[in-house]
Amino acid sequence: MAGLQQTNSEMILLSWVRQSTRKYPQVSVTNFTTSWSDGLAFNALLHSHRPDLFDWNAVASLQSPVQRLDHAFSIARQHLGIEKLLDPEDVATAYPDKKSILMYVTSLFQALPQQVTMEAIREAEMLPRHTRITREEHVEVHQQHFSQEVSFPFLLSSCCPKVVVSLPT
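Counted from 1, the sequence shown has number 125 at position 125 by UniProt numbering; the numbering is strictly sequential.
Encoded structure:
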């Protein structure tokens with residue numbers, strides 16, 4: 001049951017991200033790992049809700065993923081009060097830590113508007129569920145990051161009890 005709840009919470013969060021970043025052709029979020037490593041998804045998510053904070057084209061044209069990630073984390077800290085929980089160098093990898101990305105995106109979810117349409121949820125449900133990684137990559141990822149488990153459904157339900165899901169009319 002806990003696995004199902006986690007899957008549903010992740011699906012809602014993924015749906016919200018995809019819906020929020022839909023108008024950014026350079027951004028394609030399909031997971032909570034590799035989709036975030038270039039920094040564009042974090043910036044698009046912020047810009048979609050707060051376009052007044054920065055010029056999207058200037059950030060999108062930055063050559064370095066570390067620069068784009070640093071920009072997003074700095075904007076979130078300065079304007080949304082979200083602590084810099086991630087180091088850009090840890091995210092700008094071939095396979096960033098899923099739990100760390102989930103925790104940070106959950107913080108953004110808490111600070112930004114949360115409306116999610118059923119269409120966005122259905123679209124996210126159609127995405128491939130698992131990315132195949134080698135055992136060596138899995139071991140490397142877990143050696144690089146903290147091992148403390150965080151319950152994502154608990155984080156989502158405790159920080160965002162009023163998540164709005166829009167039903168088609």
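Heads up, the beta-carbon is just placed ideally off N, CA and C, and yes, glycines get one too.
Grouping DSSP H, G and I as helix and E and B as strand, with all else coil, what is residue i?
i    : result
V17  : helix
V116 : strand
Y104 : helix
K23  : coil
K98  : helix
I121 : helix
F54  : coil
I12  : helix
Q63  : coil
I82  : coil
V91  : helix
T34  : helix
S28  : coil
L69  : helix
L127 : coil
Mind checking residue i: buried by the 16 CB within 10 Å criterion, or exposed?
i           : result
N8          : exposed
V27         : buried
V141        : Note that V141 scores 40 on pLDDT, short of 50, meaning its location in the model is unreliable and no value can be drawn from it.
D70         : buried
E83         : exposed
L127        : exposed
residue 174 : For the chain, the structure presents residues 1 to 169; residue 174 sits outside this window and is missing.
L77         : The sequence given here has Arg at residue 77, not Leu. R77 comes out exposed.
R18         : buried
S48         : buried
A58         : exposed
E10         : buried
S64         : exposed
S74         : exposed
P25         : exposed
residue 171 : This structure does not reach residue 171, given that the chain is present from 1 up to 169, and the question cannot be answered.
So, under 8 Å CB-CB, residue i and residue j are touching, yes? Tell me the CB distance rounded to an integer number of Å.
i    : j    : result
L80  : A44  : So it is not a contact: roughly 15 Å between Cβ atoms.
F42  : A72  : 4 Å
E53  : L46  : The question names Glu, but residue 53 in the sequence shown is Leu. About 7 Å; that satisfies the 8 Å criterion.
I101 : T30  : The Cβ separation is near 13 Å, so there is no contact.
L13  : T106 : 7 Å
Below 8 Å, can you find three or more Cβ-Cβ pairs linking the region 112-119 to the region 81-97? no
Inter-stretch contact (C-beta, 8 Å, three-pair minimum) for the region 57-69 and the region 29-41: yes
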